[in-house]
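So the sequence lines, in the order shown, correspond to chains A and B.
Sequential numbering from -1 applies to the first sequence in my numbering.
Sequential numbering from 57 applies to the second sequence in my numbering.
Built from N, CA and C at the ideal position, the CB exists for glycine as well.
Reviewing the structure listed below.
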Amino acid sequence: MGTLSLLVFSPAIGILALLMTRNSDNNQRTHVLALLSSFIPLLLSIFVFALFQGGNQLEERVSWITFQVAERTLTLDYELAVDGFSVLLIILTTVVSLLAILSARWMVNKDLNLFFIFMLFLEIGTLGVFSAHNLILFFVFFEITLIPMFFLIGKWGGTDREEAAFRYIIYNGLGSMLLLLAIAVIFINVGNTNFSVVADFFSGGEQKRFQAGMAIALLLAFGVKLPIFPLHSWMVKVHVHAPPALVMIHAGVLLKIGAYGLIKFGVFFFPEGFEILAPVIAILGLINLLYGAFLAFRQTELRAVLAYSSISHMGLILLGVAALNEAGIQGAIFQAVSHGLISALFFLLVGILLVRTQTTHLKRLSGLARLTPLLAGYFLVAALAGLGLPGMSGFVSEFTVFLGIFKTMPVIGAIGTLGLIMTVVYFLRAILNMTFGSYRNTFGNLKDLRTEEVISATILLLCIIGIGIFPNSVALTIQQTLETILVGIGG
Amino acid sequence: MIEFVWLIPTLPLLTFILLTILRDKVNQTGSYMAICLTGMAFILSVLVFIQLIDAGTAVQEWEWITIGSIQISFGTLLNPLNGLMLILVAFISLLIHIYSLGYMERDQRMTTFFAYLSLFTAAMLGLVISPNLLQFYVFWELVGLGSFLLIGFYYYKNSAKNAAQKAFIMTRVGDMGLLIGLILLFWQTGSLQFEAIFSAITGGDVEGSMLTLIAILIFIGAIGKSGQFPLHTWLPDAMEGPTPVSALIHAATMVAAGVYLVAVMYPLYMASTTALMVVTVVGGFTAIYAASIGLVQNDIKQVLAYSTISQLGFMMLAMGTLGYTAGVFHLFTHAFFKALLFLAAGVVIHAIHTQNIKQMGGLHQRLKLTSITFAIGALAISGFPLFSGFFSKEEILSAVWADGQYGLWLVALVAAFLTSLYMFRLYFLVFHGESKQRLDQIGLVPKTMKIPMSILAVFSIFSGFFNTSWFGSYLGDWLIGDNQMLTNTHHGSSIGVMLIASIISIGGIILAYMIYVKKSFDQTSLQSSFSGTYKLLANKFFMDEFYHTSFVKGAKGVGKIFVYVERYGVGFLLAFIREMLTTLSKSGSKTQTGQTQTYAAVAFLGMVLFTAIYILKGGY
């Protein structure tokens, strides 16, 4: 078993341990067990990151199935590998999963044991998605993430959890159907779904119509996950009604599969198709950016504000992809990582707040800064990160995306800056509404953050500020990947 | 020493980090620490400045971000303008830190206040030594953050919350201009380094209309930050912050950053006459517009806020008419006397707990030093002969005249007249006449507040002598030096302009004396005979109302439309998909219902398609 396989399946240790103590009522012990076991993938991911930075190729291959169809050999192997982009998302996954498990203790009030089992199961799927090196395996892991998500939303969610789980499965099911279709076409054409082989195969790229068709299929399939307007209604529901600890992973990591797929399969495999589609993607990005921002401005529930803000921020990823140059793609990758960290921080805070107030309705909250200055402070800092304040990761990604889009489509870029203004408007409106103003004594004696909560929030914040101040820590990691992807565009 | 210039912003940043972490554990000690570190930053800037006199310029650079083949660096840049700003910002910051010790004495959140103040100082010091436009933008936003935090310092007040929010949003509107401008400039010149940009511009690498567009976009950023018309409405509201903040951020340093930006990018503006014209007109208009509003405000800090906007307009006017030295010179002198005026106003507010000048009067008896220093500040800003403002304002008027903008020259003259009128209206109403409050309860003004005021008073009187046609134009020589790119700027002055400026200034003071002390004219009858004008001015030309009905309501309207799209458009799509799938799953397995089954149905559908393609493409 290679290092990557070890990493991907390492959460299974925790699952086993939890299964064995299934009957125990000791929540404290369950929590410690889950926490300890989520350190294993974290440490392994750091090890993988170090190996990758050291220039090691971490490829793994086990022959699996080979069969003949009409004089053509179709090969399907078990293949894992990482590049600069996926290694970042792997680290993001293990960090956010750990923090989600750390903070879930106070947010989940029934069957903690099973909750953690599903969370670890979800982690296997997510790590697999980012480590898979062929499309079929990617798809298998992708499907694996859907199952625990479905149950986690349906069982531990808020008031409207069943509807949320239902929408989740419908939209993502349709998305994966389309993805499967696209993968099948690729498989039939290439005879293999290994990423490098597929990219090589299409690099000749004469069949413009075919490329455009594939680009559309992938855009739709990953558009559900990203999500692209108007395929987003499931995601808003999940943001609002799923348990916050889960949304940390959902918004923080799972949504990034959309960006990952678009860049790694879309732009990488079918550069010419994406070149044809670029104006469409740019306009979709603009719609996401503005539509999300204006709707976030109208929401009265904090979690809905954050949901629409995610839609708006995903618009930036689309704009970066549409730019199809080094700045744009790098900006999109930065935005994926940065938004992951920021939304994880936000939903960590939402969870912390919910435990104390049982509500995130903006109208019912006011003046939190008085009794809980730390919580209010972290909310403000998260909002500042979200609105792209320099010195934090969001600024770097916004700047790079706009640098890219202004090179190819300056008019779209100029309209897009309206979204950046609206971002300030809706974030400040929501956060100041909660933290500033006079405190109405509705919740009695609110307790400020406990130590574990401070630690979780601070870790995320340090990552956000770290990338903001030393963006090269990320930029140099993805340098080579970026070059590989851009070869097809000739940029 | 000069290679340690990066330490200057780092020291206050360190204060911010330490105070934020330690918060409740330090209290008084925390504020002393803040003062010490800011003091060290000031000493360091003086040392750096002394070395800079010989060196001329100094650059340091480190790699910041790699974007494919693009490299963007960060670092430090010292040149005459930056060196001057560095020392100015560090000096005023230090004085305000000391003053705050007395002013915030009884506030429980003093540590937080000093933490924010230090954050602002760090950002502002970082801003003035930026070697490239992106780093400039980074610190530009961070000073905005400092300003936002301090405006909203009294977070429990709704007015403070709204003011903080407004300041952030309105300056962000301007910032987008700057951001677009800098990105366009990057793709035009291939760099964000100031030097590389300027050599590309002077080398004619950028086409004329593009150059104008970029210059105007960047100027929009300056409009937002410096409270120029039409993005000025946040600045009067920003007075919600504690008064030392108004002195440091919203008078002496941050709001001047817009003028500073134009100064930094001056070669760009010199290359486009259209852009210069825009700067001139906006500056000139703002100068008279804000001065006229300042005439009728009754809140002591509001009057000072409008006077700041007006004075910044003067600076812009100078910049637009090639009066580079004049603009920077006025920025320099204004920093002293405006900070002084705010600090004195702070003492008054501290003493009698109101900001309404109609409820003040006769404070001269109890607050002698404050009254004298305020008078010095008022004389300086009015351009009273031999006070600092006299020299800088006179140089602006000369620059406008020399540029041939005679209409704007008249406008500036009227604005100058209004300035001395409203300043002395303020002075007489607050410090003279009958007292409307019990004055015996006013306590002693602490030394920590008196000393900074006295120092600023000295500078308000004498800082004009750094650049006169009598003793030598030290400042102008220092700024222009042998800089090829600035050789065409105007400097110098003429006796004629000087005389007219003096008459105007003294005239305004005399008129204020006649109205508010001698009562030769009845105020109320003046108000009623110009009731329309008065209403317009008192309501600040209804700009806030205009923004409310246009932009705020507009944004809400767009939001509402999207809410409907979301509810009916996107909702319809959902209903459609749901209907389709239920039908499918029912026909697939009639006995089963529920959600898990739907998932199975979808997966099944995928399988079917997969096989179908197999058969179609390959064929079994």
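Residue i in three-state terms, based on DSSP
{"i": "Thr268 (chain B)", "result": "helix"}
{"i": "His230 (chain A)", "result": "coil"}
{"i": "Tyr211 (chain B)", "result": "coil"}
{"i": "His420 (chain B)", "result": "coil"}
{"i": "Phe65 (chain A)", "result": "strand"}
Beta carbon proximity, residue i to chain A, threshold 9 Å
{"i": "Thr647 (chain B)", "result": "Residue placement at Thr647 (chain B) cannot be trusted, given a pLDDT of 45 that sits under 50; the coordinates are not used to answer."}
{"i": "Lys612 (chain B)", "result": "yes"}
{"i": "Tyr316 (chain B)", "result": "no"}
{"i": "Gln221 (chain B)", "result": "yes"}
{"i": "Gly158 (chain B)", "result": "no"}
{"i": "Gly417 (chain B)", "result": "no"}
{"i": "Leu74 (chain B)", "result": "no"}
{"i": "Glu490 (chain B)", "result": "no"}
{"i": "Lys217 (chain B)", "result": "yes"}
{"i": "Val102 (chain B)", "result": "no"}
{"i": "Gly622 (chain B)", "result": "Looking at the sequence itself, residue 622 (chain B) is Glu, so the reference to Gly does not match. Yes, contact with chain A."}
{"i": "Phe195 (chain B)", "result": "yes"}
Start-to-end residues for the alpha helix (DSSP H) that takes in residue i
{"i": "Ser587 (chain B)", "result": "587 to 594"}
{"i": "Glu273 (chain A)", "result": "269 to 296"}
{"i": "Val115 (chain B)", "result": "Segment 114 to 123 is the beta strand (DSSP E) holding Val115 (chain B); no alpha helix (DSSP H) there."}
{"i": "Lys146 (chain A)", "result": "With the sequence shown as reference, residue 146 (chain A) is identified as Pro, and Lys is not the correct amino acid for it. That run of the alpha helix (DSSP H) goes 133 to 154."}
{"i": "Met180 (chain B)", "result": "166 to 184"}
Closer than 7 Å at the beta carbon, the chain B residues around residue i
{"i": "Phe368 (chain A)", "result": "Residue identity differs from the one stated: residue 368 (chain A) is Arg in this sequence, not Phe. Within chain B, the residues near Arg368 (chain A) are Tyr212."}
9 Å Cβ cutoff, residue i in contact with chain B
{"i": "Ala473 (chain A)", "result": "yes"}
{"i": "Ala305 (chain A)", "result": "no"}
{"i": "Met233 (chain A)", "result": "no"}
{"i": "Pro228 (chain A)", "result": "yes"}
{"i": "Arg362 (chain A)", "result": "no"}
{"i": "Leu401 (chain A)", "result": "yes"}
{"i": "Met212 (chain A)", "result": "no"}
{"i": "Phe393 (chain A)", "result": "yes"}
{"i": "Glu481 (chain A)", "result": "yes"}
Contact set between residue i and chain A, taken where Cβ atoms lie within less than 9 Å
{"i": "Glu263 (chain B)", "result": "Within chain A, no residue comes near Glu263 (chain B); the closest Cβ sits about 14 Å away, beyond 9 Å."}
{"i": "Leu198 (chain B)", "result": "Leu387, Pro388, Gly389"}
{"i": "Leu637 (chain B)", "result": "Ile168, Gly171, Leu172"}
{"i": "Ser43 (chain B)", "result": "In the structure as shown, chain B begins at 57 and stops at 676. Residue 43 (chain B) is therefore absent and cannot be evaluated."}
{"i": "Lys281 (chain B)", "result": "The contacting residues do not exist; Lys281 (chain B) stays about 15 Å from chain A at best."}
Closer than 7 Å at the beta carbon, the chain A residues around residue i
{"i": "Trp243 (chain B)", "result": "Phe404, Lys405"}
{"i": "Gly208 (chain B)", "result": "Phe434"}
Span of the beta strand (DSSP E), counted from its first residue to its last, around residue i
{"i": "Asp600 (chain B)", "result": "It is not in any beta strand (DSSP E) - Asp600 (chain B) instead sits in the alpha helix (DSSP H) that spans 599 to 603."}
{"i": "Ile44 (chain A)", "result": "That residue, Ile44 (chain A), is in no beta strand (DSSP E); its alpha helix (DSSP H) goes 25 to 51."}
{"i": "Gly131 (chain B)", "result": "126 to 134"}
{"i": "Ile58 (chain B)", "result": "Counting along the chain, Ile58 (chain B) falls outside any beta strand (DSSP E), and DSSP gives it neither H nor E."}
{"i": "Arg162 (chain B)", "result": "Premise fails: Arg162 (chain B) is in no beta strand (DSSP E) and is neither H nor E."}
{"i": "Asp75 (chain A)", "result": "70 to 78"}
Closer than 8 Å at the beta carbon, the chain B residues around residue i
{"i": "Leu382 (chain A)", "result": "Leu201"}
{"i": "Ala412 (chain A)", "result": "Ile236"}
Residue i: contacting residues in chain A (beta-carbon distance under 8 Å)
{"i": "Lys616 (chain B)", "result": "Arg296"}
{"i": "Ile633 (chain B)", "result": "Ile168, Tyr169, Leu172"}
Contact set between residue i and chain B, taken where Cβ atoms lie within less than 9 Å
{"i": "Asn257 (chain A)", "result": "Reading off the sequence, residue 257 (chain A) comes out as Ala, not Asn. Here the premise fails: no neighbours, minimum Cβ distance about 18 Å."}
Residue i Cβ short of 8 Å to the ligand NAP heavy atom set
{"i": "Gly338 (chain A)", "result": "The ligand NAP is not among the ligands present in this structure, which contains no ligands whatsoever."}
What are the residues in the segment 424 to 439 of chain A lying within 8 Å of chain B by C-beta distance? Leu426, Arg427, Leu430, Thr433, Phe434, Gly435, Ser436, Tyr437
Residues in the segment 108 to 132 of chain A with C-beta within 8 Å of chain B's C-beta atoms, listed in sequence order? none
Under 8 Å (Cβ pairs) to chain A, residues found in the segment 225 to 242 of chain B: Ile225, Arg228, Val229, Met232, Leu235, Ile236, Ile239, Leu240, Phe242
Name the residues in the segment 117 to 147 of chain B whose C-beta lies less than 8 Å from a C-beta of chain A; which are they? Glu119, Trp120, Ile121, Thr122, Ile123, Gly124, Ser125, Ile126
Proximal residues, the segment 498 to 513 of chain B versus chain A, C-beta separation under 9 Å: none
The segment 332 to 365 of chain B: positions lying closer than 7 Å to chain A by Cβ: Across the segment 332 to 365 of chain B, no CB contact with chain A closer than 7 Å is found for any residue.
Using a Cβ-Cβ cut-off of less than 7 Å, list which residues of the segment 459 to 470 of chain A approach chain B; keep chain order. Shown in chain order are the members of the segment 459 to 470 of chain A whose Cβ falls below 7 Å from a Cβ of chain B: Pro469, Asn470.
Using a beta-carbon distance cut-off of less than 7 Å, what residues from the segment 274 to 291 of chain A approach chain B? Tyr289
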